[in-house]
Every structure is written in C-alpha cells, then in structure tokens.
Amino acid sequence: MKNILYLGLLASLLILFTGCPYDAKVALNTYVESLKLDKKFYGDFTYFKEDGTKDLIQISKGMKQVYNIRQHTIDENGQKMEYFYHRAFVTEIKGVQIVNIEKKDGMFNFYKFEWKSDDELVLYAVGEEYVKANYEKAEHDDTKTLRAFVEANLDKGLFEEEMVFAREGSAAYKKLKP
Numbered sequence: 061m062k063n064i065l066y067l068g069l070l071a072s073l074l075i076l077f078t079g080c081p082y083d084a085k086v087a088l089n090t091y092v093e094s095l096k097l098d099k100k101f102y103g104d105f106t107y108f109k110e111d112g113t114k115d116l117i118q119i120s121k122g123m124k125q126v127y128n129i130r131q132h133t134i135d136e137n138g139q140k141m142e143y144f145y146h147r148a149f150v151t152e153i154k155g156v157q158i159v160n161i162e163k164k165d166g167m168f169n170f171y172k173f174e175w176k177s178d179d180e181l182v183l184y185a186v187g188e189e190y191v192k193a194n195y196e197k198a199e200h201d202d203t204k205t206l207r208a209f210v211e212a213n214l215d216k217g218l219f220e221e222e223m224v225f226a227r228e229g230s231a232a233y234k235k236l237k238p
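Using our numbering, the letters of the sequence shown correspond one by one to residues 61 to 238.
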C-alpha cells in the first residue's frame, strides 16, 4: 500500500514540475489543410527523462498528410510501462510549425517543434495551465477560436519547457543518453 501511495505522490510531483499538455477537443486545422509529410521525421527517437525513464517514439508514414506515431514509455530498469498509438499532422501558424497529436480518446495535444540538428527533434507542448488561465473557451473548443488563441499567444508563454528527442543510434543519442 505504501508503494502505491508513493507512486501516486511521485506521479503528482512529476505532473506539477513538468506541466501537462493541453487536451483539446478539436485540432488546429483538418488533415487536408495540414502540411505535406516530410520524410525527415520518419524513424525512431528517444527522450531521456530526469527520473531515469525514457519515451521511445517511432514515426512513420500514415495516410495522406498524417504521421503514425507509436510511443513506448520505458522504466529505469528497461521494462515497457505504457504503449500509445497516435496520429499526427502539422499546422503552420505565422511560420511556426505545430504538430497536432490525435490521441486514442479523440483529444488533441499540440507541440511546437524545431530541429536542433538532423538527429535532434525538439518539442514544446502547448501548456494546459497557460491555456486554461488565458483562453475563455478552453472547455468549449472550436477550431477557429482555438487557432486564433494559439496565433495570438505564440510568443507569450504558451509553450512548456523543451523535450529533446534524439534519433536512435545517432551521435545526438549518445550525447543525451545518461
């Protein structure tokens, strides 16, 4: 029982310190309106977390302008903890590319991304706390107003801390691996 309480407390602290991506009921645009697929994204990437766990993502071609993403969370002992499958597509707003991640439950998360190098993909989540504090329609999303909100707040604290994903087997991977 103590272990369950400890894990619950640890999970709460991780959420508190790392923040949460905003869950939206709508995307920033439709699949059809999204940017064309870029083969540079295809492959296996790893995000090493401070607690010793890591997220492995595999990005592949989906249908039309959609990427397929498989995500595994691995614990500090190398055991697979969680597995998720997502669909993703890219929106561009004022020159900033934002990936719309569609989760299994039909909700969307959004991440600004940039390439640090050919093998380092940097993601910045649209933060739940910021959106709920500053977006009047947070509980009643619609694409037009959500997109307008994101556009108006691109440089005003909308995004969380960076997460750096390194391509498996690359020099960047070896540099980031603890």
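The beta-carbon is built from N, C-alpha and C at its ideal position, and this holds for glycine as well. Just so you know, these numbers come straight off a predicted model, no measurement behind them.
query	result
Can you tell me where the beta strand (DSSP E) with Lys140 in it begins and where it stops?	Lys140 to Ile153
Contact defined as beta carbons within less than 8 angstroms: I believe Gln125 pairs with Phe149. What is the distance between those atoms, to the nearest angstrom?	5 angstroms
Between which two residues does the beta strand (DSSP E) containing Ala185 stretch?	Glu180 to Val186
List the endpoints of the continuous beta strand (DSSP E) containing Ala226.	Phe219 to Arg227
In whole angstroms, give me the CA-to-CA distance for Glu222 and Lys163.	20 angstroms
How would you call Pro81, buried or exposed, if buried means at least 16 neighbouring beta carbons within 10 angstroms?	buried
How is the alpha helix (DSSP H) around Leu206 delimited, first residue to last?	Thr203 to Ala212
Taking a contact to mean a Cβ-Cβ separation below 8 angstroms, would you say Leu183 touches Phe225 in this structure?	yes
Tell me the DSSP bridge mates of Gln118?	Asp104 and Arg130
Since Lys176 is in the beta strand (DSSP E), which residue starts that stretch and which ends it?	Phe168 to Ser177
Output the distance between the C-alpha atoms of Lys204 and Asp111, rounded to the nearest integer angstrom.	38 angstroms
Could you give the C-beta distance for Ala212 and Asn160, rounded to a whole number, given that I count them as a contact under 8 angstroms?	About 18 angstroms separates the two Cβ atoms, so there is no contact after all.
Within 10 Å of its beta-carbon, does Ala84 have 16 or more other beta-carbons around it, so buried, or fewer, so exposed?	buried
I think Gly187 touches Leu218, with their Cβ atoms under 8 angstroms apart; what is that distance to the nearest whole Å?	7 angstroms
For the beta strand (DSSP E) that Glu162 lies in, which residues bound it at each end?	Val156 to Glu162
By how many angstroms is the C-alpha of Trp175 removed from the C-alpha of Thr151?	16 angstroms
Strictly by DSSP, which residues pair up with Ala84?	Phe168
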